[in-house]
Amino acid sequence: MTQKRTDGGRSILAETRRREILETLRSAGSVTVSDVEARFAVSPVTARRDLDELERRGVLRRTHGGGVLPTTSAHEDSFARRLKVAAEAKRRLAEEAVALMAPGETVFLDSSTTCYFVARRIVETGIATTVLTNSFPVMELIFNESGNNAEIIGVGGSLRRLTRSFVGPFTVRTVQGHFADRLFLSVKGLTEGGMMTDADALEAEVKRTMIAQAGESTLLVDQSKMKVRGLSVIASVAEVSNVIADGLSSEEVSALRAARGSVRVLDEQVATARKRSVRTPS
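Once you know that position 181 of the sequence shown is 183 in the numbering used here, the rest is easy, because the numbers rise by one and skip nothing.
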């Protein structure tokens, strides 16, 4: 069947498909090449071409295997929208993070949606812990669902409605008045040079303070964070104890390891486990 074309030579069917891809992206926050292939019964080449075209128009940022909503240095999405972006990767990162915890530890959780997944995992496992956080959603989750296993210390201050997090001088002083065994944090973006960044200077200051007050700090990062520059610098990735990553390309992993030697990549662990499960013929 011959596709009807516009005067500009572009397929009307392609334009319809790209509009629907954009609608999916705006509702879910991300889309993969596989999603496009399955939904529209097109080849991987066509799916990638669609995503490349949307990136050219500035409505999508290409990632390894798909695309996410474009980010700019000062742009900041709501907590609810960020919660949908790379949700499966955040869930895997949270599982790995909580597996590092020992019962009775005191833990800082920042205001990222990745750490909301960590809090959810803490509730699911029932591990005994004390959580200090400036995230209002994390406070609510642990208070309402953790029973008696997890204690919550809410770090107050000025509440940002967009991110549902507490920031400001009072927040920083409160964090400075506490020590924690470990910190889990995520970021707006991680530059190619290994600088952790955030869209807001006050958020960045709280994260910096948590790093200073934690015995061990772990950065949780998925592919949507890579090569993105937030407005404010938090610190170099070399200043955290270790990094847990999911969904990164081999080039991104190499660059991250050059900046911060201790990087645990979940994709590599899965691949190694699969290799070990394959028996060689005797």
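Idealized CB from N, CA, C, for every residue including glycine.
Buried or exposed (CB count within 10 angstroms, at least 16 for buried), residue i
i, result
"glutamate 254", "buried"
"arginine 122", "buried"
"glutamate 98", "buried"
"threonine 18", "exposed"
"serine 29", "exposed"
Proximity of residue i and residue j at Cβ, strictly below 9 Å
i, j, result
"serine 226", "alanine 40", "no"
"threonine 135", "isoleucine 155", "yes"
"threonine 220", "isoleucine 246", "yes"
"glutamate 57", "arginine 20", "no"
"phenylalanine 181", "glycine 217", "yes"
"arginine 259", "valine 242", "no"
Contacts around residue i, its chain only, beta-carbon distance under 7 Å, and the 5 residues preceding and following it disregarded
i, result
"glutamine 1", "With the chain covering 3 to 284 only, the question about residue 1 has no answer from this structure."
"glutamate 111", "It is leucine, not glutamate, that sits at residue 111 in the sequence shown. Closer than 7 Å at Cβ, skipping near neighbours: Cys117, Val120, Ala121, Val133, Thr135, Ser137, Val140, Phe186."
Cβ shell of residue i (< 6 Å), same chain only, five flanking positions each side left out
i, result
"phenylalanine 119", "Lys92, Arg93, Ala96"
Cutoff 8 Å; reference residue i; Cβ partners in own chain excluding five residues on either side
i, result
"alanine 273", "Note on alanine 273: pLDDT 40, under 50, position unreliable in the model; the coordinate value appears next. So the list is empty, once near-sequence residues are dropped."
"glycine 106", "Ala130, Thr131"
"leucine 53", "Ile23, Val33, Val35, Val38, Leu62, Arg64, Gly68, Gly69"
"serine 45", "Glu39"
"glutamate 194", "Lys229, Ala257"
Residue i at chain B interface by Cβ criterion, 9 Å
i, result
"arginine 83", "Considering every chain present, this structure includes no chain B. It has just one protein chain."
Inter-residue CB distance, residue i and residue j (contact presumed, cutoff 8 Å)
i, j, result
"serine 160", "threonine 199", "Not really, about 21 Å apart at Cβ, beyond 8 Å."
"leucine 222", "threonine 116", "5 Å"
"glycine 196", "serine 238", "6 Å"
"valine 267", "arginine 184", "Their Cβ separation, rounded to whole angstroms, is 20 Å, which puts valine 267 and arginine 184 out of contact at 8 Å."
Any 3 or more C-beta pairs closer than 8 Å across the segment 135–149 and the segment 186–196: Fewer than three beta-carbon pairs drawn from the segment 135–149 and the segment 186–196 are found closer than 8 Å, and the two stretches are therefore not classed as touching.
Any 3 or more C-beta pairs closer than 8 Å across the segment 102–110 and the segment 77–91: no
Inter-stretch contact at 8 Å, needing at least 3 Cβ pairs: the segment 127–146 / the segment 157–177: yes
Any 3 or more C-beta pairs closer than 8 Å across the segment 197–210 and the segment 116–132: By the Cβ test, the segment 197–210 is not in contact with the segment 116–132, since fewer than three Cβ pairs between them sit closer than 8 Å.
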